[in-house]
Amino acid sequence: MSDLSIELKPLRQRVLVQESLPVTTSLVNRGTSATPAPAANGPSPFAYELRPTAGGEGTRVVSSQLAREATSKGTPQLQPPLPFQIGPGASVPRREDLAAIAVRPFAPASYAITASTEIPYPLGPSAPASVQVVPPRLVVAAAAVDSSFDRPMAFVHAEADGAFPVLAHYSDASKVEATVFQRAATQERWPKPDSIAVSVPTGAEAQTRWVAWTAGGTLRATRDWEPSRTPALLHITLPGAGARLLSPGYFFGDDSGLFLLLDGAVLHAYRVTGTAIAKAWSATVGGGTPERVLVRYAGGDRGEGAVQVVSLSGAGGRHSLFLQAWNVKDGREVLPSRLLSQLAFPLLAWYMPVAGKARPVRLQVVSGPAPDGRFASLAYQLEKNTVRIPTQPIPPPPGTVQQWAVTAAGNGMVIVAAHSGGKILSLTLPGAAWRTLADNVSAESFFDVYANFDRARVQWLDPRFGFRYAGLGAQ
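Okay, structure coming up:
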(Lines of atoms letter the chains of each structure in order from A and count residues from 1; the text may use other names and numbers.)
(Lines give C-alpha, C1' and ligand atoms only; values in the text may rest on other atoms or scores of the structure.)
Protein backbone atom coordinates (compact mmCIF):
# COMPACT_ATOMS: atom_id res chain seq x y z
CA MET A 1 0.00 0.00 0.00
CA SER A 2 1.30 3.45 -0.91
CA ASP A 3 2.43 5.86 1.79
CA LEU A 4 1.39 8.76 -0.45
CA SER A 5 -2.12 10.16 -0.59
CA ILE A 6 -3.79 13.13 -2.24
CA GLU A 7 -5.65 15.81 -0.34
CA LEU A 8 -7.81 18.28 -2.27
CA LYS A 9 -9.17 21.52 -0.82
CA PRO A 10 -11.14 24.09 -2.86
CA LEU A 11 -10.38 27.64 -1.71
CA ARG A 12 -13.97 28.64 -2.43
CA GLN A 13 -17.06 26.45 -2.26
CA ARG A 14 -19.18 28.63 -4.56
CA VAL A 15 -18.05 30.38 -7.74
CA LEU A 16 -19.61 31.89 -10.84
CA VAL A 17 -19.49 30.43 -14.33
CA GLN A 18 -16.10 31.40 -15.86
CA GLU A 19 -14.78 32.60 -12.49
CA SER A 20 -11.46 31.42 -11.08
CA LEU A 21 -11.83 28.11 -9.23
CA PRO A 22 -8.64 27.74 -7.17
CA VAL A 23 -7.81 24.55 -5.29
CA THR A 24 -4.89 23.39 -3.17
CA THR A 25 -3.84 19.85 -4.01
CA SER A 26 -1.31 18.19 -1.73
CA LEU A 27 0.73 15.00 -1.90
CA VAL A 28 0.97 13.77 1.69
CA ASN A 29 3.55 11.27 2.91
CA ARG A 30 1.98 9.22 5.70
CA GLY A 31 4.91 6.85 5.91
CA THR A 32 7.99 6.75 8.13
CA SER A 33 10.60 7.45 5.46
CA ALA A 34 11.13 9.91 2.63
CA THR A 35 9.54 9.10 -0.69
CA PRO A 36 10.01 10.56 -4.20
CA ALA A 37 7.27 12.79 -5.61
CA PRO A 38 6.84 15.63 -8.12
CA ALA A 39 8.00 19.04 -6.89
CA ALA A 40 5.36 21.72 -6.33
CA ASN A 41 7.05 24.23 -8.65
CA GLY A 42 7.20 21.93 -11.68
CA PRO A 43 4.57 20.80 -14.18
CA SER A 44 1.38 19.63 -12.52
CA PRO A 45 0.90 15.85 -12.46
CA PHE A 46 -2.76 16.03 -11.43
CA ALA A 47 -5.96 15.39 -13.32
CA TYR A 48 -9.25 16.55 -11.84
CA GLU A 49 -12.66 15.02 -12.32
CA LEU A 50 -15.71 17.22 -11.80
CA ARG A 51 -18.80 15.07 -11.50
CA PRO A 52 -22.17 16.85 -11.31
CA THR A 53 -24.27 15.90 -8.31
CA ALA A 54 -27.06 18.31 -9.30
CA GLY A 55 -27.51 19.98 -12.70
CA GLY A 56 -24.63 20.37 -15.11
CA GLU A 57 -23.83 19.04 -18.56
CA GLY A 58 -21.92 15.86 -17.71
CA THR A 59 -18.65 14.93 -16.04
CA ARG A 60 -15.58 16.99 -16.92
CA VAL A 61 -11.93 15.96 -16.60
CA VAL A 62 -9.37 18.78 -16.66
CA SER A 63 -5.60 18.98 -16.30
CA SER A 64 -2.72 21.19 -17.34
CA GLN A 65 -1.72 18.63 -19.96
CA LEU A 66 -5.23 18.47 -21.46
CA ALA A 67 -5.28 22.27 -21.58
CA ARG A 68 -1.97 22.29 -23.47
CA GLU A 69 -3.30 19.73 -25.92
CA ALA A 70 -6.49 21.74 -26.48
CA THR A 71 -4.68 25.01 -27.13
CA SER A 72 -1.61 23.78 -29.06
CA LYS A 73 -1.11 22.47 -32.55
CA GLY A 74 -0.46 18.74 -32.60
CA THR A 75 -0.19 16.80 -29.34
CA PRO A 76 2.44 18.26 -27.02
CA GLN A 77 4.47 15.78 -25.04
CA LEU A 78 3.78 15.38 -21.35
CA GLN A 79 6.13 17.65 -19.42
CA PRO A 80 8.23 15.60 -16.97
CA PRO A 81 7.85 16.64 -13.32
CA LEU A 82 10.72 18.00 -11.28
CA PRO A 83 12.04 15.39 -8.80
CA PHE A 84 11.54 15.93 -5.09
CA GLN A 85 11.68 13.98 -1.84
CA ILE A 86 8.80 14.26 0.64
CA GLY A 87 9.88 13.63 4.22
CA PRO A 88 7.88 11.42 6.57
CA GLY A 89 4.71 13.19 7.72
CA ALA A 90 5.31 16.05 5.28
CA SER A 91 3.27 17.25 2.30
CA VAL A 92 3.83 19.09 -0.96
CA PRO A 93 0.94 21.49 -1.68
CA ARG A 94 0.24 22.92 -5.10
CA ARG A 95 -2.28 25.59 -6.05
CA GLU A 96 -4.12 25.23 -9.34
CA ASP A 97 -7.00 27.08 -10.96
CA LEU A 98 -9.39 24.50 -12.39
CA ALA A 99 -11.31 27.11 -14.38
CA ALA A 100 -8.08 28.31 -16.02
CA ILE A 101 -7.12 24.82 -17.20
CA ALA A 102 -10.66 23.90 -18.25
CA VAL A 103 -10.39 25.82 -21.58
CA ARG A 104 -14.18 26.27 -21.65
CA PRO A 105 -16.40 27.29 -18.72
CA PHE A 106 -17.97 24.82 -16.33
CA ALA A 107 -21.75 24.69 -16.60
CA PRO A 108 -23.84 25.66 -13.58
CA ALA A 109 -24.05 22.67 -11.23
CA SER A 110 -23.01 21.26 -7.89
CA TYR A 111 -19.84 19.22 -8.44
CA ALA A 112 -17.95 16.53 -6.56
CA ILE A 113 -14.28 17.11 -7.41
CA THR A 114 -11.52 14.52 -7.09
CA ALA A 115 -7.83 14.58 -7.97
CA SER A 116 -5.62 11.75 -9.19
CA THR A 117 -2.17 11.31 -10.72
CA GLU A 118 -0.02 8.78 -12.56
CA ILE A 119 3.23 10.24 -11.20
CA PRO A 120 5.29 8.87 -9.49
CA TYR A 121 2.76 6.01 -9.86
CA PRO A 122 -1.03 5.72 -10.14
CA LEU A 123 -2.52 7.41 -7.11
CA GLY A 124 -6.00 8.55 -6.15
CA PRO A 125 -8.66 9.57 -6.51
CA SER A 126 -8.71 11.89 -3.52
CA ALA A 127 -11.68 12.20 -1.23
CA PRO A 128 -14.33 14.26 -3.09
CA ALA A 129 -14.69 17.97 -2.37
CA SER A 130 -17.88 19.89 -3.12
CA VAL A 131 -18.07 23.06 -5.21
CA GLN A 132 -21.10 24.85 -6.62
CA VAL A 133 -20.91 26.78 -9.92
CA VAL A 134 -23.71 29.31 -10.43
CA PRO A 135 -24.69 31.81 -13.17
CA PRO A 136 -23.78 35.45 -12.57
CA ARG A 137 -26.56 37.88 -11.68
CA LEU A 138 -25.41 40.87 -13.70
CA VAL A 139 -25.75 44.41 -12.37
CA VAL A 140 -23.52 46.35 -14.80
CA ALA A 141 -20.78 45.35 -17.24
CA ALA A 142 -18.18 46.91 -19.53
CA ALA A 143 -15.80 45.61 -22.19
CA ALA A 144 -13.51 46.96 -24.89
CA VAL A 145 -10.97 45.86 -27.49
CA ASP A 146 -7.68 47.77 -27.54
CA SER A 147 -5.34 48.45 -30.43
CA SER A 148 -3.43 45.19 -29.78
CA PHE A 149 -6.70 43.19 -29.99
CA ASP A 150 -6.72 42.47 -26.27
CA ARG A 151 -10.11 42.58 -24.58
CA PRO A 152 -10.63 43.66 -20.98
CA MET A 153 -14.01 42.98 -19.40
CA ALA A 154 -15.47 43.71 -15.97
CA PHE A 155 -18.86 43.20 -14.39
CA VAL A 156 -20.70 43.47 -11.08
CA HIS A 157 -22.49 40.43 -9.68
CA ALA A 158 -25.34 40.59 -7.15
CA GLU A 159 -24.85 38.06 -4.35
CA ALA A 160 -27.82 36.73 -2.38
CA ASP A 161 -26.37 38.22 0.83
CA GLY A 162 -26.43 41.77 -0.56
CA ALA A 163 -22.79 41.96 -1.60
CA PHE A 164 -21.82 43.26 -5.05
CA PRO A 165 -18.44 41.82 -6.02
CA VAL A 166 -16.55 43.19 -9.03
CA LEU A 167 -14.95 40.66 -11.38
CA ALA A 168 -12.66 41.30 -14.33
CA HIS A 169 -10.29 39.73 -16.80
CA TYR A 170 -7.89 40.85 -19.52
CA SER A 171 -7.48 38.55 -22.51
CA ASP A 172 -6.50 38.20 -26.11
CA ALA A 173 -9.71 38.87 -28.04
CA SER A 174 -9.48 35.42 -29.63
CA LYS A 175 -9.26 33.62 -26.26
CA VAL A 176 -11.89 35.35 -24.14
CA GLU A 177 -13.97 32.20 -23.57
CA ALA A 178 -10.96 30.41 -22.05
CA THR A 179 -10.05 33.30 -19.74
CA VAL A 180 -11.25 33.38 -16.13
CA PHE A 181 -12.58 36.27 -14.10
CA GLN A 182 -10.91 37.30 -10.83
CA ARG A 183 -12.56 39.17 -7.95
CA ALA A 184 -11.40 42.61 -6.80
CA ALA A 185 -11.03 43.78 -3.20
CA THR A 186 -12.63 40.66 -1.75
CA GLN A 187 -12.45 42.00 1.83
CA GLU A 188 -14.44 45.14 1.03
CA ARG A 189 -18.18 45.81 0.62
CA TRP A 190 -19.91 48.71 -1.12
CA PRO A 191 -23.44 49.74 -2.16
CA LYS A 192 -24.95 48.52 -5.42
CA PRO A 193 -22.78 49.90 -8.26
CA ASP A 194 -24.46 51.90 -11.03
CA SER A 195 -21.62 52.07 -13.57
CA ILE A 196 -18.32 50.34 -14.31
CA ALA A 197 -15.37 50.89 -16.67
CA VAL A 198 -12.42 48.85 -17.84
CA SER A 199 -9.26 50.51 -19.10
CA VAL A 200 -7.03 50.05 -22.13
CA PRO A 201 -3.35 50.88 -22.73
CA THR A 202 -2.28 54.04 -24.51
CA GLY A 203 0.90 52.46 -25.88
CA ALA A 204 3.37 49.61 -25.59
CA GLU A 205 4.93 51.01 -22.40
CA ALA A 206 1.61 51.16 -20.57
CA GLN A 207 1.30 48.00 -18.48
CA THR A 208 -0.87 48.66 -15.41
CA ARG A 209 -4.53 47.77 -15.88
CA TRP A 210 -7.22 49.61 -13.94
CA VAL A 211 -10.90 48.91 -13.30
CA ALA A 212 -13.24 51.51 -11.78
CA TRP A 213 -16.87 51.61 -10.66
CA THR A 214 -19.30 54.02 -9.03
CA ALA A 215 -21.49 53.10 -6.06
CA GLY A 216 -23.30 55.25 -3.50
CA GLY A 217 -21.86 58.52 -4.86
CA THR A 218 -18.27 57.22 -4.65
CA LEU A 219 -15.77 56.37 -7.39
CA ARG A 220 -13.67 53.29 -6.61
CA ALA A 221 -10.71 51.94 -8.57
CA THR A 222 -8.16 49.16 -8.30
CA ARG A 223 -5.52 47.70 -10.57
CA ASP A 224 -3.93 44.44 -11.65
CA TRP A 225 -5.46 42.12 -9.09
CA GLU A 226 -4.23 38.56 -8.98
CA PRO A 227 -4.83 35.79 -6.42
CA SER A 228 -1.31 36.27 -5.04
CA ARG A 229 -1.64 39.97 -4.19
CA THR A 230 -4.18 42.47 -2.95
CA PRO A 231 -3.70 45.89 -4.54
CA ALA A 232 -5.10 48.96 -2.87
CA LEU A 233 -8.73 49.90 -3.38
CA LEU A 234 -8.86 53.65 -4.02
CA HIS A 235 -11.96 55.80 -3.61
CA ILE A 236 -13.13 59.40 -3.80
CA THR A 237 -16.50 61.08 -3.24
CA LEU A 238 -18.09 62.35 -6.46
CA PRO A 239 -19.46 65.90 -6.83
CA GLY A 240 -22.91 64.61 -7.83
CA ALA A 241 -24.91 61.43 -7.35
CA GLY A 242 -25.73 61.23 -11.05
CA ALA A 243 -22.18 60.82 -12.35
CA ARG A 244 -21.67 57.67 -14.43
CA LEU A 245 -18.44 56.19 -15.76
CA LEU A 246 -17.70 56.12 -19.46
CA SER A 247 -15.87 53.00 -20.55
CA PRO A 248 -13.09 52.51 -21.29
CA GLY A 249 -10.65 54.46 -19.17
CA TYR A 250 -6.96 54.64 -20.10
CA PHE A 251 -3.64 53.77 -18.49
CA PHE A 252 -0.27 55.31 -19.26
CA GLY A 253 3.43 54.48 -19.19
CA ASP A 254 3.87 55.97 -15.70
CA ASP A 255 1.36 53.44 -14.24
CA SER A 256 -1.32 56.09 -13.79
CA GLY A 257 -4.81 55.86 -15.22
CA LEU A 258 -7.57 58.22 -16.36
CA PHE A 259 -11.31 57.65 -16.03
CA LEU A 260 -14.09 59.84 -17.42
CA LEU A 261 -17.49 60.36 -15.80
CA LEU A 262 -20.53 62.09 -17.24
CA ASP A 263 -22.92 63.95 -14.95
CA GLY A 264 -25.67 65.45 -17.11
CA ALA A 265 -23.77 67.53 -19.66
CA VAL A 266 -20.62 67.84 -17.50
CA LEU A 267 -17.61 65.62 -18.18
CA HIS A 268 -15.27 64.93 -15.22
CA ALA A 269 -11.79 63.44 -15.63
CA TYR A 270 -10.20 61.59 -12.70
CA ARG A 271 -6.55 60.63 -12.52
CA VAL A 272 -5.62 57.47 -10.58
CA THR A 273 -2.20 56.45 -9.29
CA GLY A 274 -1.04 53.65 -7.06
CA THR A 275 -2.02 55.60 -3.95
CA ALA A 276 -4.82 58.07 -4.76
CA ILE A 277 -7.64 59.28 -7.01
CA ALA A 278 -7.98 62.99 -7.77
CA LYS A 279 -10.18 65.00 -10.10
CA ALA A 280 -8.03 66.34 -12.93
CA TRP A 281 -10.50 68.59 -14.76
CA SER A 282 -14.12 69.15 -15.79
CA ALA A 283 -15.68 70.32 -19.06
CA THR A 284 -19.09 70.84 -20.65
CA VAL A 285 -20.27 68.55 -23.43
CA GLY A 286 -21.88 70.48 -26.28
CA GLY A 287 -25.25 69.65 -27.80
CA GLY A 288 -27.09 69.37 -24.48
CA THR A 289 -27.27 66.39 -22.14
CA PRO A 290 -26.30 63.39 -24.29
CA GLU A 291 -28.29 60.18 -24.46
CA ARG A 292 -25.25 58.09 -25.35
CA VAL A 293 -21.51 58.70 -25.50
CA LEU A 294 -18.44 57.06 -27.06
CA VAL A 295 -14.90 57.94 -25.95
CA ARG A 296 -11.50 57.58 -27.59
CA TYR A 297 -7.97 58.53 -26.61
CA ALA A 298 -5.76 59.85 -29.42
CA GLY A 299 -2.10 60.08 -28.45
CA GLY A 300 0.82 58.20 -26.90
CA ASP A 301 1.50 56.44 -23.61
CA ARG A 302 2.91 59.58 -21.94
CA GLY A 303 -0.51 61.23 -21.85
CA GLU A 304 0.27 63.95 -24.39
CA GLY A 305 -2.89 63.29 -26.39
CA ALA A 306 -6.56 64.20 -26.39
CA VAL A 307 -9.82 62.61 -25.31
CA GLN A 308 -12.37 62.55 -28.12
CA VAL A 309 -16.06 62.29 -27.26
CA VAL A 310 -18.82 61.45 -29.72
CA SER A 311 -22.24 62.11 -28.23
CA LEU A 312 -25.81 61.46 -29.32
CA SER A 313 -28.33 64.15 -28.49
CA GLY A 314 -32.08 63.76 -28.83
CA ALA A 315 -32.83 67.45 -28.26
CA GLY A 316 -35.78 68.69 -30.30
CA GLY A 317 -36.75 65.15 -31.28
CA ARG A 318 -33.67 64.86 -33.49
CA HIS A 319 -30.90 62.26 -33.51
CA SER A 320 -27.81 64.47 -33.60
CA LEU A 321 -24.20 63.30 -33.43
CA PHE A 322 -21.57 65.68 -32.01
CA LEU A 323 -17.77 65.47 -31.80
CA GLN A 324 -15.65 67.26 -29.20
CA ALA A 325 -12.12 66.83 -27.77
CA TRP A 326 -10.05 67.93 -24.78
CA ASN A 327 -6.39 67.80 -23.81
CA VAL A 328 -5.90 64.85 -21.44
CA LYS A 329 -3.60 66.65 -19.01
CA ASP A 330 -5.41 69.92 -18.35
CA GLY A 331 -8.87 69.63 -19.95
CA ARG A 332 -8.22 72.40 -22.43
CA GLU A 333 -10.71 72.13 -25.31
CA VAL A 334 -8.79 71.28 -28.48
CA LEU A 335 -11.85 70.67 -30.67
CA PRO A 336 -15.01 72.69 -29.95
CA SER A 337 -18.28 70.78 -30.17
CA ARG A 338 -19.40 70.38 -33.76
CA LEU A 339 -22.28 68.58 -35.40
CA LEU A 340 -21.24 65.42 -37.23
CA SER A 341 -24.62 64.39 -38.54
CA GLN A 342 -28.34 64.32 -37.96
CA LEU A 343 -29.61 60.78 -38.31
CA ALA A 344 -32.94 60.29 -40.04
CA PHE A 345 -33.78 57.38 -37.74
CA PRO A 346 -32.81 56.26 -34.21
CA LEU A 347 -29.30 55.08 -33.45
CA LEU A 348 -29.33 51.36 -32.62
CA ALA A 349 -25.63 50.55 -32.25
CA TRP A 350 -22.30 52.24 -32.85
CA TYR A 351 -18.59 51.56 -32.69
CA MET A 352 -15.35 53.55 -32.68
CA PRO A 353 -11.81 52.34 -31.88
CA VAL A 354 -11.14 53.25 -28.26
CA ALA A 355 -7.50 54.32 -28.58
CA GLY A 356 -4.84 55.11 -31.13
CA LYS A 357 -2.56 57.75 -32.50
CA ALA A 358 -3.82 61.14 -33.62
CA ARG A 359 -4.94 60.03 -37.06
CA PRO A 360 -8.33 59.69 -38.78
CA VAL A 361 -10.66 57.13 -37.26
CA ARG A 362 -13.95 55.67 -38.44
CA LEU A 363 -17.19 55.91 -36.50
CA GLN A 364 -19.61 53.13 -37.47
CA VAL A 365 -23.36 53.57 -36.87
CA VAL A 366 -26.41 51.31 -37.29
CA SER A 367 -29.66 53.25 -37.63
CA GLY A 368 -33.31 52.48 -38.32
CA PRO A 369 -35.82 51.27 -39.04
CA ALA A 370 -36.92 53.23 -42.08
CA PRO A 371 -40.62 53.20 -43.09
CA ASP A 372 -39.93 50.24 -45.39
CA GLY A 373 -38.49 48.25 -42.45
CA ARG A 374 -34.90 48.47 -43.61
CA PHE A 375 -31.94 49.51 -41.52
CA ALA A 376 -28.75 51.29 -42.52
CA SER A 377 -25.04 51.25 -41.75
CA LEU A 378 -23.47 54.69 -41.80
CA ALA A 379 -19.79 55.53 -41.36
CA TYR A 380 -17.97 58.79 -40.66
CA GLN A 381 -14.25 59.38 -41.11
CA LEU A 382 -13.42 61.68 -38.21
CA GLU A 383 -10.91 63.98 -39.86
CA LYS A 384 -10.68 67.75 -39.66
CA ASN A 385 -13.56 67.85 -42.10
CA THR A 386 -15.78 64.86 -41.43
CA VAL A 387 -16.20 62.54 -44.39
CA ARG A 388 -19.39 60.50 -44.56
CA ILE A 389 -18.94 57.16 -46.28
CA PRO A 390 -21.89 56.08 -48.45
CA THR A 391 -24.75 54.45 -46.57
CA GLN A 392 -25.02 50.67 -46.80
CA PRO A 393 -28.49 49.11 -46.48
CA ILE A 394 -29.08 46.36 -43.92
CA PRO A 395 -31.97 43.96 -44.61
CA PRO A 396 -34.44 43.50 -41.73
CA PRO A 397 -33.47 40.57 -39.50
CA PRO A 398 -36.10 37.86 -39.07
CA GLY A 399 -38.18 38.33 -35.94
CA THR A 400 -38.29 41.24 -33.51
CA VAL A 401 -34.85 42.60 -32.70
CA GLN A 402 -34.15 42.91 -28.99
CA GLN A 403 -30.48 43.90 -29.11
CA TRP A 404 -28.03 45.29 -31.68
CA ALA A 405 -24.24 45.52 -31.80
CA VAL A 406 -21.65 46.52 -34.40
CA THR A 407 -17.87 46.41 -34.64
CA ALA A 408 -15.08 46.59 -37.20
CA ALA A 409 -12.29 44.04 -37.59
CA GLY A 410 -8.67 45.03 -38.10
CA ASN A 411 -8.96 44.19 -41.80
CA GLY A 412 -11.69 46.83 -42.18
CA MET A 413 -14.65 44.45 -42.33
CA VAL A 414 -17.78 45.70 -40.53
CA ILE A 415 -19.76 43.12 -38.55
CA VAL A 416 -23.33 43.71 -37.37
CA ALA A 417 -24.94 41.41 -34.79
CA ALA A 418 -28.52 41.14 -33.60
CA HIS A 419 -30.45 39.19 -31.00
CA SER A 420 -33.75 38.59 -32.75
CA GLY A 421 -36.50 35.98 -32.55
CA GLY A 422 -34.55 33.81 -30.10
CA LYS A 423 -31.51 33.71 -32.40
CA ILE A 424 -28.08 35.32 -32.49
CA LEU A 425 -27.59 36.67 -36.03
CA SER A 426 -24.71 38.35 -37.80
CA LEU A 427 -23.86 39.82 -41.16
CA THR A 428 -20.76 41.37 -42.66
CA LEU A 429 -20.79 44.47 -44.80
CA PRO A 430 -21.03 45.15 -47.57
CA GLY A 431 -23.66 42.95 -49.13
CA ALA A 432 -23.91 39.85 -46.94
CA ALA A 433 -27.13 38.22 -45.74
CA TRP A 434 -28.01 37.46 -42.14
CA ARG A 435 -26.41 34.32 -40.75
CA THR A 436 -27.62 32.36 -37.71
CA LEU A 437 -24.92 31.78 -35.09
CA ALA A 438 -27.06 30.34 -32.28
CA ASP A 439 -30.66 29.17 -31.82
CA ASN A 440 -33.00 29.09 -28.82
CA VAL A 441 -31.16 31.95 -27.18
CA SER A 442 -32.13 33.69 -23.97
CA ALA A 443 -30.08 36.88 -23.72
CA GLU A 444 -30.33 39.61 -21.12
CA SER A 445 -28.49 42.74 -20.03
CA PHE A 446 -25.28 42.27 -21.99
CA PHE A 447 -24.86 41.84 -25.76
CA ASP A 448 -21.70 42.64 -27.68
CA VAL A 449 -19.73 41.83 -30.81
CA TYR A 450 -15.95 42.18 -30.90
CA ALA A 451 -13.16 41.35 -33.33
CA ASN A 452 -9.43 41.05 -33.76
CA PHE A 453 -7.87 41.35 -37.22
CA ASP A 454 -10.09 38.99 -39.20
CA ARG A 455 -12.26 37.07 -36.76
CA ALA A 456 -15.24 38.19 -34.72
CA ARG A 457 -17.26 36.80 -31.84
CA VAL A 458 -20.62 37.63 -30.34
CA GLN A 459 -20.95 37.53 -26.55
CA TRP A 460 -24.18 37.62 -24.59
CA LEU A 461 -25.45 36.87 -21.11
CA ASP A 462 -27.63 33.78 -20.78
CA PRO A 463 -29.33 34.15 -17.36
CA ARG A 464 -29.54 30.36 -17.03
CA PHE A 465 -25.83 29.82 -17.71
CA GLY A 466 -23.64 32.92 -17.82
CA PHE A 467 -21.69 34.48 -20.65
CA ARG A 468 -21.96 32.61 -23.94
CA TYR A 469 -19.99 33.08 -27.14
CA ALA A 470 -20.45 32.40 -30.85
CA GLY A 471 -17.71 32.77 -33.46
CA LEU A 472 -18.05 34.21 -36.93
CA GLY A 473 -14.78 32.78 -38.25
CA ALA A 474 -12.48 34.51 -40.73
CA GLN A 475 -14.13 37.38 -42.53
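Just so we're aligned, residue 748 is where the sequence shown starts under the working numbering, counting upward by one. Just so you know, even glycine gets a beta-carbon here, dropped at the ideal spot from N, CA and C.
| Item | Value |
| --- | --- |
| Would you call the region 756-770 in contact with the region 924-934, where contact means no fewer than 3 C-beta pairs closer than 8 Å? | yes |
| In chain order, what residues of the same chain lie with their CB nearer than 7 Å to the CB of residue 778, ignoring the 5 residues before and after it? | 750 and 835 |
| Going straight from the alpha carbon of residue 850 to that of residue 1097, what length do you get? | 31 Å |
| Could you tell me which residues DSSP puts in a beta bridge with residue 869? | None; residue 869 has no bridge partner. |
| Does DSSP classify residue 989 as helix, strand or coil? | coil |
| Does the beta-carbon distance from residue 1176 to residue 1188 come in below 8 Å? | no |
| Please work out which residues of its chain come closer than 7 Å, Cβ to Cβ, to residue 752, disregarding the five sequence neighbours upstream and downstream, and give them in chain order. | 775 and 777 |
| How would you label residue 939, buried or exposed, when you count the other beta carbons within 10 angstroms and need 16 or more for buried? | exposed |
| Output needed for residue 1078: all residues of its chain with C-beta closer than 8 Å, excluding positions within five of it in sequence on either side, in chain order. | 1016, 1027, 1028, 1029 and 1030 |
| With which residues is residue 1160 paired in a DSSP beta bridge? | According to DSSP, which records beta bridges pairwise, residue 1160 is partnered with nothing at all. |
| Kindly give me the distance between the Cβ atoms of residue 956 and residue 946, rounded to whole angstroms, as I take these residues to be in contact under 8 Å. | 6 Å |
| Can you name, in chain order, every residue of its own chain whose Cβ lies under 7 Å from the Cβ of residue 1140, other than the five neighbours on each side? | 1121 and 1123 |
| Where residue 908 and residue 1020 are concerned, what is the direct C-alpha to C-alpha distance, given to the nearest angstrom? | 32 Å |
| So residue 1281 is in the beta strand (DSSP E); what residue range does that whole segment cover? | For residue 1281 there is no data in the structure shown, the boundaries of the chain being 748 and 1222. |
| What residues in its chain sit with their C-beta under 6 Å from that of residue 1223, if we drop five residues either side in the sequence? | Because the chain spans 748 through 1222 in this model, residue 1223 falls outside it and cannot be assessed. |
| So for residue 925, helix, strand or coil by DSSP? | helix |
| Considering only C-alpha positions, which residue in the set 949, 1151 and 827 is nearest to residue 1191? | 1151 |
| Quick check on the DSSP output: the beta strand (DSSP E) that includes residue 1179 runs from which residue to which? | Looking at the DSSP string, residue 1179 is not in any beta strand (DSSP E), and its letter there is neither H nor E. |
| Can you list, in chain order, the residues of its chain with a C-beta nearer than 6 Å to that of residue 1136? Leave out the 5 residues immediately preceding and following it. | 1126 |
| Please specify which runs of the beta strand (DSSP E), each continuous and at least 3 residues long, are wholly inside the region 760-800, giving them in chain order. | 761-763, 769-776 and 782-785 |
| Assuming contact is defined by CB atoms lying nearer than 8 Å, are residue 1010 and residue 987 in contact in what I supplied? | yes |
| Could you check what DSSP says for residue 1062 in three-state terms: helix, strand or coil? | helix |
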